[in-house]
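Colleague:
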Amino acid sequence: MNTIEQNDPFTGEWTVFLESSVTYNGVPITLAMCNDIIYKSINNIFYRRILIKDTVNVKWFGAVGDAVTNDTQSFQKSVDFLSTIGGGKLLIPSGSYAIDHIDFMTKAYSNIEIIGNNSKLIGLTKGRNTAADGIFAFEAGVSNQSDESNSIKNIKISGLNFFTDIETMHFNELSHHIAAHGVSDFTVENCTFTGFQGDGIAICRGLTEGGYRNAYNKNVIIKNCKFDGVNHDNRQAISIYYCDRFIIDNCDFYRTTREKMIGAIDVESDDPNLTITNNGLITNCYFNDIKGLGAICIFSKDRLIIDFQQNERLNCQSFKIDNCKFEDVNSALTVYGNYNSLANDDKDYNGVYSVVFENSNVLNAERAIYFNSASRVKVSNVIFKNILSTYLSVCDGGGYKVLFEQCEFDTVNNPAGLSFIGGGKYIDFIKCIFKNFTTNIITVNESKPIGTIKYNQFYNSTNPGMCLLTNPSVDNLRNAIIEGNEYLGNIPKIDFYSIMNQGYSYNYDSAVMIPSNILYHKSEFESEGVFPEAYLGNTKGLVRNERLEDYNNKPVVYQTFLPYDPLGVKWTRQALNDNTWMSWKKLEN
Numbered sequence: 001m002n003t004i005e006q007n008d009p010f011t012g013e014w015t016v017f018l019e020s021s022v023t024y025n026g027v028p029i030t031l032a033m034c035n036d037i038i039y040k041s042i043n044n045i046f047y048r049r050i051l052i053k054d055t056v057n058v059k060w061f062g063a064v065g066d067a068v069t070n071d072t073q074s075f076q077k078s079v080d081f082l083s084t085i086g087g088g089k090l091l092i093p094s095g096s097y098a099i100d101h102i103d104f105m106t107k108a109y110s111n112i113e114i115i116g117n118n119s120k121l122i123g124l125t126k127g128r129n130t131a132a133d134g135i136f137a138f139e140a141g142v143s144n145q146s147d148e149s150n151s152i153k154n155i156k157i158s159g160l161n162f163f164t165d166i167e168t169m170h171f172n173e174l175s176h177h178i179a180a181h182g183v184s185d186f187t188v189e190n191c192t193f194t195g196f197q198g199d200g201i202a203i204c205r206g207l208t209e210g211g212y213r214n215a216y217n218k219n220v221i222i223k224n225c226k227f228d229g230v231n232h233d234n235r236q237a238i239s240i241y242y243c244d245r246f247i248i249d250n251c252d253f254y255r256t257t258r259e260k261m262i263g264a265i266d267v268e269s270d271d272p273n274l275t276i277t278n279n280g281l282i283t284n285c286y287f288n289d290i291k292g293l294g295a296i297c298i299f300s301k302d303r304l305i306i307d308f309q310q311n312e313r314l315n316c317q318s319f320k321i322d323n324c325k326f327e328d329v330n331s332a333l334t335v336y337g338n339y340n341s342l343a344n345d346d347k348d349y350n351g352v353y354s355v356v357f358e359n360s361n362v363l364n365a366e367r368a369i370y371f372n373s374a375s376r377v378k379v380s381n382v383i384f385k386n387i388l389s390t391y392l393s394v395c396d397g398g399g400y401k402v403l404f405e406q407c408e409f410d411t412v413n414n415p416a417g418l419s420f421i422g423g424g425k426y427i428d429f430i431k432c433i434f435k436n437f438t439t440n441i442i443t444v445n446e447s448k449p450i451g452t453i454k455y456n457q458f459y460n461s462t463n464p465g466m467c468l469l470t471n472p473s474v475d476n477l478r479n480a481i482i483e484g485n486e487y488l489g490n491i492p493k494i495d496f497y498s499i500m501n502q503g504y505s506y507n508y509d510s511a512v513m514i515p516s517n518i519l520y521h522k523s524e525f526e527s528e529g530v531f532p533e534a535y536l537g538n539t540k541g542l543v544r545n546e547r548l549e550d551y552n553n554k555p556v557v558y559q560t561f562l563p564y565d566p567l568g569v570k571w572t573r574q575a576l577n578d579n580t581w582m583s584w585k586k587l588e589n
């Protein structure tokens with residue numbers, strides 16, 4: 001077979017054309033195909049360009065890269081060609097390329113790798129579509145998928161700098177740098193996104209309202225990227241509306257998001273039965289100067305999925321945020337949940353949490369974290385320092401199984417401290433450190449959500465306040481376990497009995513000390529008064545209580561009195577009914 005060797009007219013590189021009557025995929029070459037880029041016709045003989053590892057250069061197709069020439073058609077021709085040969089690599093040499101939109105339509109555009117050389121892509125126009133659009137727009141062209149059979153697969157984008165002049169083009173909610181609907185094994189790495197009008201990257205459930213919707217997105221990886229909103233006049237840096245498994249790793253986020261939008265990363269879904277997002281990891285990321293609801297916002301839905309923590313099917317989603325740093329944000333993490341205070345049961349799902357936030361640092365936030373009807377959230381080994389707002393709560397709308405474990409809260413300006421509003425169950429603090437609060441440490445407006453508070457350290461507040469301020473009752477505190485805490489400086493011990501007795505310590509001359517007023521689980525308080533009846537020594541001592549669940553509609557309550565003087569004597573009694581105790585019995589050590 002004959003060959004022709006010549007310099008490429010656009011790049012000057014040495015190229016070779018091989019005599020051939022068919023294209024790369026075996027289709028006969030026609031004169032209409034011969035544009036001297038890939039196919040040639042010389043003296044009625046057809047030639048095709050020899051590609052090395054299925055690699056093409058966007059400049060072969062006429063791209064200039066001078067920041068002035070509109071290179072849209074050259075880019076579109078290059079990806080269109082790759083779609084005809086089953087995929088390949090597109091090289092984008094260093095330069096600044098002005099572009100409207102490049103479309104990757106249907107799964108024919110699978111197996112494409114786009115490789116930049118620190119190349120700049122300048123977005124020229126706003127979105128064309130009614131739901132989402134992008135400088136790169138991926139559309140599988142199918143609806144209501146439950147698997148990846150018709151998705152655009154195996155896409156990798158690297159080495160590009162996406163840019164929009166947000167200060168002159170302004171906000172446009174549906175105009176993104178990359179918009180993708182129906183993609184699988186989709187990777188973006190070592191790229192920057194600057195001045196996006198809507199999102200930097202949007203993994204969507206459709207590009208048009210009324211068109212193709214709810215295609216399947218799976219295995220999306222975004223790593224080593226930088227997102228700079230420039231002036232906050234944008235939506236999110238990354239939005240993931242429908243995706244089965246995603247990773248966001250080692251990315252930096254700066255100056256993103258309008259105040260009434262979501263945040264730097266938005267994870268949500270519109271339909272809990274189909275367009276669900278689950279199994280997501282956000283690791284090693286940095287967030288600075290982020291507005292909106294939170295730097296990371298997760299809208300959690302219930303659905304049976306495979307959880308990343310357990311190899312079994314569970315009725316919850318799975319998101320982990322690990323080793324991230326947040327500075328000057330409204331909230332590091334915001335979780336809008338699915339907790340229904342009337343319908344939620346006490347299933348523990350083998351201790352698996354829907355959202356795990358761990359090993360991270362938060363500095364200068366309006367509020368440390370924000371939950372609204374959040375369910376099954378674990379916050380572990382996170383340092384929160386300098387929480388600025390004097391009125392914003394940590395939780396609205398209640399919460400269910402929310403655990404703070406080995407966290408540190410340093411300098412909280414809200415006089416209510418960490419404030420929880422709404423119902424729920426099992427809000428736990430275990431092995432945490434609280435210091436430099438303004439007044440109160442924890443405020444829970446309804447006492448029912450209080451769960452386990454143990455092995456914590458509570459330090460001074462600027463103004464003396466309560467360690468835990470709430471409106472307690474025996475029934476609402478059925479799940480409360482308070483034990484092993486250290487109270488240092490001017491922080492008083494958590495004492496529900498004092499609160500229930502209108503601020504006074506329980507005195508055994510008081511009519512309120514009846515079995516039905518003893519809290520469930522183990523509790524203790526200091527008593528003064530004539531107590532017990534036959535005891536003639538010092539009436540001041542420690543009272544330890546243990547209450548189990550009622551049996552045959554009667555309280556199961558045990559009390560032990562340990563006088564301070566003399567030591568070595570104990571008195572014990574148990575409940576006869578809701579209002580009456582049995583007689584005291586003396587026990588010798």
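Take UniProt numbering: the final residue in the sequence shown is number 589, and no numbers are missing along the way.
In this text, a Cβ means the ideal position worked out from N, Cα and C, and glycines have one as well.
Within the continuous beta strand (DSSP E) that includes valine 382, where are the two ends?
Modeller: Segment 370-387, the beta strand (DSSP E) holding valine 382.
Colleague: Are there 16 or more other CB atoms within 10 angstroms of the CB of glutamine 6, so buried, or fewer, so exposed?
Modeller: It counts as exposed.
Colleague: Would you report the Cα separation of tyrosine 47 and threonine 11, rounded to the nearest angstrom?
Modeller: Roughly 19 angstroms between the two C-alpha positions.
Colleague: Label alanine 264 either buried or exposed according to how many other C-beta atoms from any shown protein chain fall within 10 Å of its C-beta, with 16 as the threshold for buried.
Modeller: Under this definition alanine 264 is a buried residue.
Colleague: How would you call glycine 422, buried or exposed, if buried means at least 16 neighbouring beta carbons within 10 angstroms?
Modeller: Buried is the call here.
Colleague: Which value, in whole angstroms, describes the spacing of the CA atoms of proline 415 and leucine 124?
Modeller: Proline 415 and leucine 124: Cα-Cα distance of roughly 49 angstroms.
Colleague: Do the segment 393-402 and the segment 365-374 meet, that is, are 3 or more Cβ pairs less than 8 angstroms apart?
Modeller: The answer is yes - the segment 365-374 touches the segment 393-402, with three or more Cβ pairs under 8 angstroms.
Colleague: Label leucine 567 either buried or exposed according to how many other C-beta atoms from any shown protein chain fall within 10 Å of its C-beta, with 16 as the threshold for buried.
Modeller: It is exposed - the Cβ of leucine 567 has fewer than 16 other Cβ atoms within 10 Å.
Colleague: Between which residues of its own chain and aspartate 249 is the CB-CB distance below 6 angstroms, once the five residues before and five after are set aside?
Modeller: So the qualifying residues of the chain are Lys223, Thr283 and Asn284.
Colleague: When DSSP builds the beta bridges, which residues end up paired with cysteine 34?
Modeller: Bridge partners of cysteine 34: none, in fact.
Colleague: Compute the Euclidean distance between the alpha carbons of isoleucine 99 and glycine 134, then round it to the nearest angstrom.
Modeller: Each residue's alpha carbon lies about 10 angstroms from the other.
Colleague: Comparing alpha-carbon positions, which option in Thr439, Val444, Ala67 and Lys454 lies nearest isoleucine 433?
Modeller: It is Lys454.
Colleague: May I ask which residues mark the beginning and end of the beta strand (DSSP E) holding isoleucine 85?
Modeller: No beta strand (DSSP E) holds isoleucine 85; DSSP gives it neither H nor E.
Colleague: Could you please give me the residues that DSSP links to arginine 213 through a beta bridge?
Modeller: According to DSSP, arginine 213 bridges with nothing at all.
Colleague: What runs of the beta strand (DSSP E), each 3 residues or longer, lie entirely inside the segment 116-192?
Modeller: Here the runs fully enclosed are 133-139, 152-163, 175-181 and 183-189.
Colleague: Could you tell me if alanine 67 is buried or exposed, where buried requires 16 or more neighbouring beta carbons within 10 angstroms of its beta carbon?
Modeller: Alanine 67 comes out exposed.
Colleague: Closer than 8 angstroms is the cut-off here; do at least three beta carbon pairs connect the segment 31-45 with the segment 87-98?
Modeller: Verdict: no, contact absent.
Colleague: Straight-line CA distance for valine 335 to asparagine 231?
Modeller: The straight-line gap from Cα to Cα measures roughly 25 angstroms.
Colleague: From which residue to which residue does the alpha helix (DSSP H) around tyrosine 497 run?
Modeller: Start and end: 496-500.
Colleague: With DSSP collapsed to three states, give me the class of serine 583.
Modeller: In the structure shown, serine 583 sits in coil (DSSP, three-state: anything other than H, G, I, E or B).
Colleague: Is the beta carbon of aspartate 165 sitting closer than 9 angstroms to the one on glycine 195?
Modeller: Yes, the pair counts as a contact, with Cβ atoms nearer than the cut-off.
Colleague: What residues in its chain sit with their C-beta under 7 angstroms from that of leucine 82, if we drop five residues either side in the sequence?
Modeller: Excluding positions up to five away in sequence, the list reads Val56, Gly88, Leu90 and Ile112.
Colleague: Thinking isoleucine 262 and glycine 292 are a contact (beta carbons under 8 angstroms), I'd like their distance in whole angstroms, please.
Modeller: The pair is a contact, with the Cβ atoms about 5 angstroms apart (cut-off 8 angstroms).
Colleague: With respect to the beta strand (DSSP E) encompassing leucine 97, which residues constitute its N-terminal and C-terminal limits?
Modeller: Note that residue 97 corresponds to tyrosine in the displayed sequence, not to leucine. Looking at the DSSP string, the run of the beta strand (DSSP E) that includes tyrosine 97 is 96-99.
Colleague: Would you kindly work out how many angstroms separate the C-alpha atoms of serine 41 and asparagine 2, rounded to a whole number?
Modeller: Spanning the two alpha carbons is a distance of roughly 13 angstroms.
Colleague: Which runs of the alpha helix (DSSP H) fall wholly inside the segment 396-477 and span at least 4 residues, in chain order?
Modeller: For the segment 396-477, not a single whole alpha helix (DSSP H) run of length 4 or above is found.
Colleague: Would you kindly check if the distance between the Cβ of isoleucine 85 and the Cβ of asparagine 144 is under 9 angstroms?
Modeller: Result no, Cβ atoms of asparagine 144 and isoleucine 85 do not sit closer than 9 angstroms.
Colleague: Helix, strand or coil: which one does DSSP assign to alanine 575?
Modeller: DSSP places alanine 575 in strand when its eight states are reduced to three.
Colleague: Would you check whether the ligand MG has a heavy atom nearer than 8 angstroms to the C-beta of valine 267?
Modeller: The ligand MG is not part of this structure, which contains no ligands at all.
Colleague: Let's test the definition: count the other Cβ atoms within 10 Å of the Cβ of histidine 177 and tell me whether it reaches 16, buried, or not, exposed.
Modeller: Looking at its Cβ environment, which holds 16 or more other Cβ atoms inside 10 Å, histidine 177 is buried.
Colleague: What is the DSSP secondary structure of valine 267, counted as helix, strand or coil?
Modeller: Reduced to three states, the DSSP call for valine 267 is strand.
Colleague: With a threshold of 7 angstroms on Cβ separation, who are the neighbours of glutamate 259 within its own chain once the five nearest residues in sequence on each side are excluded?
Modeller: Answer for glutamate 259: Lys291 and Gly292, listed in chain order.
Colleague: Kindly indicate which residue of Thr452, Lys435 and Asn361 has the alpha-carbon position closest to the one of asparagine 479.
Modeller: Nearest of Thr452, Lys435 and Asn361 to asparagine 479, Cα basis: Thr452.
Colleague: I'd like the list of long-range same chain contacts for glutamate 446, defined as Cβ closer than 6 angstroms, with 5 residues on each side in sequence excluded.
Modeller: Correct list, in chain order: Gly423.
Colleague: Could you tell me the alpha carbon to alpha carbon distance between threonine 208 and asparagine 436, rounded to whole angstroms?
Modeller: Their backbone Cα atoms lie some 51 angstroms apart in a straight line.
Colleague: Measuring alpha carbon to alpha carbon, tell me which residue in Ile37, Ile45 and Asp8 is nearest serine 20.
Modeller: Closest option to serine 20, Cα to Cα, is Ile45.
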